[in-house]
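All remarks here apply to the structure that follows.
Protein chains: 2
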Amino acid sequence: MNLTQPLHKALIERPQAEALACGGRRTSWSAFVDRVARLAAVLQQLGLQPGDRVGMLGMNSDHYVVYFHAVWWAGGVINPVNMRWSAAEVAYSLDDCDTRILLVDGHFHAVAAGLRTAAGQGMHSRSLQQLVHWGDGPAPDGFVDGPALVAQATPVDDARRSGDDLAAVMYTGGTTGRPKGVMLSQANLASNVLSANQAATRPVDSVGINCAPMFHVGGMALALQLIQRLCRQVILPGFDELPVLQAIADERGSEIFLVPTMLKRLVEHPQFGSFDTSCMQLVLYGASPIDETLLARARQVLPAAGFCQLYGMTELSPVVTALPAWCHVPGQPADLQRQRLRSVGRAVPIAEVRIVDADDQPVPPGTVGEIVVRGPLVMQGYWGQPEQTAQALRGGWMHTGDGGRMDADGFFYVVDRLKDMIVSGGENVYSAEVENAITQLPQVGMAAVIGVPDDRWGERVHAVVVLRPGAVLTTAELQAHCRTLIAGYKCPRSVEFREALPLSAAGKVLKVDLRAPFWAGKSRNVN
Amino acid sequence: MNLTQPLHKALIERPQAEALACGGRRTSWSAFVDRVARLAAVLQQLGLQPGDRVGMLGMNSDHYVVYFHAVWWAGGVINPVNMRWSAAEVAYSLDDCDTRILLVDGHFHAVAAGLRTAAGQGMHSRSLQQLVHWGDGPAPDGFVDGPALVAQATPVDDARRSGDDLAAVMYTGGTTGRPKGVMLSQANLASNVLSANQAATRPVDSVGINCAPMFHVGGMALALQLIQRLCRQVILPGFDELPVLQAIADERGSEIFLVPTMLKRLVEHPQFGSFDTSCMQLVLYGASPIDETLLARARQVLPAAGFCQLYGMTELSPVVTALPAWCHVPGQPADLQRQRLRSVGRAVPIAEVRIVDADDQPVPPGTVGEIVVRGPLVMQGYWGQPEQTAQALRGGWMHTGDGGRMDADGFFYVVDRLKDMIVSGGENVYSAEVENAITQLPQVGMAAVIGVPDDRWGERVHAVVVLRPGAVLTTAELQAHCRTLIAGYKCPRSVEFREALPLSAAGKVLKVDLRAPFWAGKSRNVN
Chain R
77 MNLTQPLHKA LIERPQAEAL ACGGRRTSWS AFVDRVARLA AVLQQLGLQP
127 GDRVGMLGMN SDHYVVYFHA VWWAGGVINP VNMRWSAAEV AYSLDDCDTR
177 ILLVDGHFHA VAAGLRTAAG QGMHSRSLQQ LVHWGDGPAP DGFVDGPALV
227 AQATPVDDAR RSGDDLAAVM YTGGTTGRPK GVMLSQANLA SNVLSANQAA
277 TRPVDSVGIN CAPMFHVGGM ALALQLIQRL CRQVILPGFD ELPVLQAIAD
327 ERGSEIFLVP TMLKRLVEHP QFGSFDTSCM QLVLYGASPI DETLLARARQ
377 VLPAAGFCQL YGMTELSPVV TALPAWCHVP GQPADLQRQR LRSVGRAVPI
427 AEVRIVDADD QPVPPGTVGE IVVRGPLVMQ GYWGQPEQTA QALRGGWMHT
477 GDGGRMDADG FFYVVDRLKD MIVSGGENVY SAEVENAITQ LPQVGMAAVI
527 GVPDDRWGER VHAVVVLRPG AVLTTAELQA HCRTLIAGYK CPRSVEFREA
577 LPLSAAGKVL KVDLRAPFWA GKSRNVN
Chain Z
77 MNLTQPLHKA LIERPQAEAL ACGGRRTSWS AFVDRVARLA AVLQQLGLQP
127 GDRVGMLGMN SDHYVVYFHA VWWAGGVINP VNMRWSAAEV AYSLDDCDTR
177 ILLVDGHFHA VAAGLRTAAG QGMHSRSLQQ LVHWGDGPAP DGFVDGPALV
227 AQATPVDDAR RSGDDLAAVM YTGGTTGRPK GVMLSQANLA SNVLSANQAA
277 TRPVDSVGIN CAPMFHVGGM ALALQLIQRL CRQVILPGFD ELPVLQAIAD
327 ERGSEIFLVP TMLKRLVEHP QFGSFDTSCM QLVLYGASPI DETLLARARQ
377 VLPAAGFCQL YGMTELSPVV TALPAWCHVP GQPADLQRQR LRSVGRAVPI
427 AEVRIVDADD QPVPPGTVGE IVVRGPLVMQ GYWGQPEQTA QALRGGWMHT
477 GDGGRMDADG FFYVVDRLKD MIVSGGENVY SAEVENAITQ LPQVGMAAVI
527 GVPDDRWGER VHAVVVLRPG AVLTTAELQA HCRTLIAGYK CPRSVEFREA
577 LPLSAAGKVL KVDLRAPFWA GKSRNVN
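Same order as they appear, the protein sequences are chains R and Z.
The numbering used here applies: residue 77 is where the first sequence begins, and numbers increase by one.
The numbering used here applies: residue 77 is where the second sequence begins, and numbers increase by one.
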């Protein structure tokens with residue numbers, strides 16, 4: 077199995093059809109493949125050997141998609157760089173896997189230049205040898221002019237790496253400790269694309285709107301899932317309500333990936349009604365479940381759309397479970413449907429997913445434990461970290477670090493990141509359970525629950541809450557509500573009301589940021 | 077990728093749900109897996125080593141599906157035996173790939189016993205060492221009692237063969253020349269299952285009716301496609317109208333694979349209306365296109381069903397293209413829809429399909445040539461036939477031997493088996509084109525066109541025609557009709573009216589049988 081195969085198919089089946097639309101630029105499949113084969117030639121001229129890593133630091137664009145495929149075509153391995161990182165973190169991730177060539181778009185020329193020149197504080201990359209301008213506008217001094225070389229290059233043949241050949245090193249875990257380089261093979265990613273396309277029924281000849289960050293495995297996967305089906309995709313630099321609405325309406329977008337917080341911003345936007353979004357047929361979402369109020373609103377304003385949740389992680393290439401469209405519409409008993417909306421769905425075809433206890437023994441349905449996964453989607457390991465790899469993959473199963481349970485029908489529920497579990501007075505508290513209780517209050521927009529230090533209980537349950545515009549709620553009312561739904565020790569001992577929550581590029585609440593002020597100078601007992 | 081993975085998934089997700097129904101016997105997923113792990117133990121006790129071939133000679137049954145998975149679980153390779161073959165052909169196929177263990181159900185005990193005892197005329201298998209009774213009823217003398225050993229066996233662990241490990245040797249081409257053993261790997265079959273399940277949108281929690289012969293790659297693939305989705309399947313010994321209708325009604329069957337000739341017999345059966353078939357949601361068909369009259373009738377009597385054509389061959393694991401449901405319903409211009417119904421559809425996700433000329437050079441859309449295929453679905457080769465393998469796979473592409481063309485939208489059309497092409501007066505005549513012309517006559521039920529020897533033209537176009545009940549048609553009327561549609565040299569010079577056409581187990585017209593009497597003692601110029 078091989079990630080460049082769709083390009084060869086497209087050359088046969090629809091060479092003149094449009095593949096990519098970005099910032100007014102439209103690229104046919106044949107022009108896309110030509111650009112890939114030329115950039116591959118340039119990378120080889122710059123010294124790329126089979127298996128070498130090539131980084132990219134940029135906003136989403138058609139250039140980013142060309143970068144993925146050109147590196148594979150040339151025989152290399154992608155290493156997309158998290159654009160939210162500090163220069164020190166970027167340097168660490170490049171040096172860790174010895175990335176010598178870095179492609180950079182105009183937004184990050186200054187950051188990238190600093191990687192080569194800055195001294196001290198870990199901001200200087202030792203491995204970096206070539207900075208290549210790859211984006212719009214001119215190449216600055218000190219950068220190889222990628223577009224100019226590509227224009228003159230002679231296209232090379234596809235190296236056709238496949239199967240267990242390494243395809244990507246993607247760094248994760250930057251929010252706690254040192255980032256780890258997740259090694260994914262050609263077959264890891266290609267089999268996951270097939271499996272995810274099967275698990276979520278897709279519109280025929282879909283037009284994808286891609287606004288999820290491509291340095292993240294989710295945005296990359298969406299791009300690959302569309303390309304595998306030879307569907308057109310419209311690429312936006314990032315998520316912003318008005319450009320997304322404009323793109324859906326202008327390009328007749330039919331498929332999109334969003335996290336629920338983005339979907340909420342989209343459907344509640346005051347100008348939503350002035351765009352024709354009737355073409356939208358599939359809203360894929362991830363990172364968290366969708367709440368009933370949001371789903372009802374979204375179904376009302378996007379009446380032709382199905383909704384499908386995907387749950388995954390970088391180490392799993394990434395899609396592991398899918399909650400299909402039929403779980404989002406009436407037709408089941410209301411209680412069951414409500415319960416299912418809290419689920420991440422069923423395992424995708426290539427994933428064996430089970431719940432184990434601390435001794436790695438499977439537990440019965442309904443019991444909470446750690447979610448572990450086996451199958452061709454499991455990563456090859458962490459770059460240069462044999463011990464962490466062995467620990468994560470012990471017994472042949474990827475240990476996700478997520479707490480969860482499975483019901484009798486094979487639906488999985490993520491209870492919490494195990495490392496986010498709060499231990500209060502010796503009792504385990506799963507934040508998601510508390511958050512679910514709080515968000516049932518009509519006054520509440522979002523809620524995040526964390527453990528904060530407590531002299532008596534070790535940790536105490538602390539809630540950070542964003543109210544809906546105009547809503548009023550007291551701490552006592554919130555606590556009283558929670559006590560009607562969950563055990564007393566799980567109810568928040570303290571509550572903080574805020575205007576907004578800090579979100580990661582992938583739209584997840586950055587609990588590490590919420591916790592930081594409480595834990596400064598203290599050590600927290602996490603695994 | 078691995079063909080036993082769905083069994084591990086089922087044990088986690090739905091152990092108590094029903095997996096197989098056959099002849100009144102119902103088997104849960106956990107009982108299915110238990111039986112697989114026990115039969116694997118018995119095969120190992122009988123001497124099976126990793127990579128050894130194990131044959132099966134039997135009608136369709138739940139035992140057949142257990143056989144597939146038990147051989148893989150034990151580390152072996154399946155070699156399903158064509159039950160229509162003569163003893164000499166069976167012996168040849170066993171000996172060719174050194175199959176030492178043969179499972180046999182009650183229908184074939186006598187044939188199998190003869191393989192061991194018969195002398196001369198190639199009917200004695202030299203490789204065969206163990207005959208294992210594997211089916212209903214008692215084990216006869218000289219047979220290992222499979223069910224009795226399985227009842228006492230201790231289940232073994234899955235050998236978890238995967239990727240390029242050999243999974244199957246399947247013999248094809250028995251109708252002309254020596255059969256060839258097509259070698260398919262675990263990844264060949266597993267990636268094809270994923271790709272075929274994606275290409276044809278499947279009902280949620282489908283119930284499959286499996287009446288296609290499992291010794292054939294098509295019936296096996298349907299079983300694997302259902303198992304991969306953890307869907308229940310109802311297995312019938314073979315196709316017969318009343319049992320199939322009964323199974324659909326009693327078991328709420330929602331998915332079935334048929335060849336159009338079977339579909340026709342089903343929907344035109346006088347008792348069709350007395351069965352509740354409203355549950356049928358997906359009719360997969362293959363081996364030939366569906367004619368408009370049949371489709372209209374089928375859509376009328378199966379109003380909830382979508383229709384999807386699959387085209388494939390053993391060497392391609394097997395599904396290569398799919399004509400999706402939307403091509404079978406109004407919504408396109410009538411001319412386009414009529415044209416599309418003659419197509420085998422678009423390439424499935426893992427197949428690069430192109431049309432080449434005699435020098436293996438790609439030809440433009442609309443031009444007829446040979447259909448060649450590349451991708452992870454392509455076989456490993458023909459067992460013990462390096463030269464035929466190199467010829468079939470030259471340039472890295474599987475040469476199907478089928479003539480075809482692609483239209484500007486990437487839809488493929490099979491014009492004819494190249495070796496069935498008729499060369500008359502130096503002109504190439506593709507039988508399918510002539511057959512399409514003939515079957516547009518309302519009087520015609522079926523038609524097969526072959527080349528027969530002709531002193532003047534080398535070959536002449538000869539039609540064998542089955543009229544609809546009560547219909548009347550003369551040779552002159554048929555010829556006059558054809559001349560309105562196709563060039564004169566393509567029109568049948570001679571016509572023969574018959575009650576029925578000889579069909580293979582897979583439902584294809586056996587043209588080799590039609591041709592035989594004309595060509596006795598003569599040599600035909602085929603590639």
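From the three backbone atoms N, C-alpha and C, an ideal C-beta is built for every residue, glycine too.
Quick caveat, the model's predicted, so the values are computed rather than measured.
- Query: Looking at aspartate 128(Z) and arginine 192(Z), is the spacing between their C-beta atoms short of 9 Å?
  - Reply: no
- Query: Listed from N- to C-terminal order along the chain, which residues in the segment 266-295 of chain Z have their beta-carbon within a distance smaller than 7 Å of any beta-carbon of chain R?
  - Reply: Ser267, Leu270, Ser271, Asn273, Gln274, Thr277, Val280
- Might you give, ordered along the chain, the residues of its own chain that have their beta carbon closer than 8 Å to the beta carbon of arginine 236(R), omitting 5 neighbours on each side? Asn78, Thr80
- For tyrosine 140(R), which option in Leu265(R), Ala163(R), Gln309(R), Tyr247(R) has the closest C-alpha, if you only look at C-alpha atoms? Gln309(R)
- Task: Please determine, among Ala539(R), Val269(R), Met389(R), Arg481(R), the residue with the shortest C-alpha to C-alpha distance to isoleucine 426(Z).
- Result: The option with the nearest alpha carbon to isoleucine 426(Z) is Val269(R).
- Own chain residues within Cβ distance below 6 Å of alanine 215(R), not counting five before or after: His209, Asp221
- Task: State the Cα-Cα distance for the pair proline 440(Z) and glutamate 446(Z), rounded to the nearest angstrom.
- Result: 12 Å
- Query: Which chain Z residues sit within Cβ distance under 9 Å of glutamine 415(R)?
  - Reply: Those do not exist, as glutamine 415(R) stays about 17 Å from chain Z at its closest Cβ, beyond 9 Å.
- Message: Three Cβ pairs or more, each shorter than 8 Å: is that satisfied between the segment 484-493 of chain Z and the segment 448-468 of chain Z?
- Response: no
- Item | Cβ pair count under 8 Å reaching 3, the segment 150-159 of chain Z against the segment 112-131 of chain Z | yes
- Going by the beta-carbon positions, is the gap between alanine 484(R) and valine 520(R) smaller than 9 Å? No, they are not a contact pair.
- Query: Considering tyrosine 140(Z), what are the terminal residues of the alpha helix (DSSP H) in which it resides?
  - Reply: From DSSP, the alpha helix (DSSP H) with tyrosine 140(Z) extends over 138-150.
- Item | Three-pair Cβ contact test at 8 Å for the segment 282-298 of chain R versus the segment 387-407 of chain R | Short answer: they touch.
- Bridge partner(s) assigned by DSSP for isoleucine 285(R): For isoleucine 285(R), DSSP records a beta bridge to Val310(R), Ile332(R).
- Relative to chain R, which residues along the segment 303-336 of chain Z have a C-beta separation below 9 Å, given in chain order? Gln304, Arg305, Leu306
- Message: In this structure, how does DSSP classify glutamine 555(R) when only helix, strand and coil are distinguished?
- Response: helix
- Message: Does the CB of asparagine 512(Z) have a neighbour CB from chain R at under 9 Å?
- Response: no
- Task: Just the C-alpha distance for valine 602(Z) and glutamine 467(Z), rounded to the nearest angstrom, thanks.
- Result: With a pLDDT of only 37 at valine 602(Z), under 50, the local geometry of the prediction cannot be trusted, and no value is derived from it.
- Pairing CB atoms from the segment 343-360 of chain R with CB atoms from the segment 312-325 of chain R, are three or more of them under 8 Å? Short answer: they touch.
- Task: With a 10 Å radius around its C-beta and 16 neighbouring C-beta atoms as the bar for buried, classify leucine 412(Z) as buried or exposed.
- Result: exposed
- Return no unless some Cβ of chain Z is closer than 9 Å to the Cβ of tryptophan 402(R). Output row for tryptophan 402(R): interface = yes.
- Item | Where the beta strand (DSSP E) containing alanine 524(Z) begins and where it ends | 520-530
- Please report the Cβ distance between glycine 329(R) and cysteine 307(R), rounded to the nearest whole angstrom; I am assuming they are in contact, meaning their Cβ atoms lie under 8 Å. Not really, about 11 Å apart at Cβ, beyond 8 Å.
- Message: Looking at chain R, is there any beta carbon in it that lies within less than 9 Å of the beta carbon of glutamine 81(Z)?
- Response: yes
- When burial is assigned at 16 or more other CB atoms within 10 Å of the CB, is serine 500(R) buried or exposed? Residue burial annotation: serine 500(R) is buried, with at least 16 other C-beta atoms found within 10 angstroms of its C-beta.
- Between proline 440(Z) and chain R, is there a C-beta pair that is closer than 9 Å? Proximity of proline 440(Z) to chain R, defined by a Cβ-Cβ separation below 9 Å, is not satisfied.
- Message: Here's a check: name, in chain order, each residue in its chain whose Cβ is nearer than 7 Å to the Cβ of glutamine 606(R), leaving out the five neighbours to either side.
- Response: Since the displayed chain R opens at 77 and closes at 603, residue 606(R) lies outside it and no answer follows.
- Candidates Gln228(R), Cys287(R), Arg278(R), of which the one nearest glutamine 301(R) by Cα: Arg278(R)
- Query: How about serine 238(R): is its C-beta nearer than 9 Å to some C-beta of chain Z?
  - Reply: At least one chain Z Cβ lies under 9 Å of serine 238(R).
- Just to confirm, does glutamine 274(Z) get its C-beta within under 8 Å of one of the non-hydrogen atoms of the ligand COA? Of the ligands one can find in the structure shown there are none, so the ligand COA has no counterpart to examine.
- Query: Considering isoleucine 431(Z), what are the terminal residues of the beta strand (DSSP E) in which it resides?
  - Reply: 428-432
- Message: Starting from aspartate 478(R), trace the beta strand (DSSP E) in both directions and tell me its first and last residue.
- Response: 474-482
- Give the range of the beta strand (DSSP E) segment to which proline 156(R) is assigned. 153-156
- Message: For threonine 337(R) and glycine 583(R), I'd like the C-alpha separation in whole angstroms.
- Response: 7 Å
- Compare the C-beta of isoleucine 426(R) with all C-beta atoms of chain Z and state if any pair is closer than 9 Å. yes
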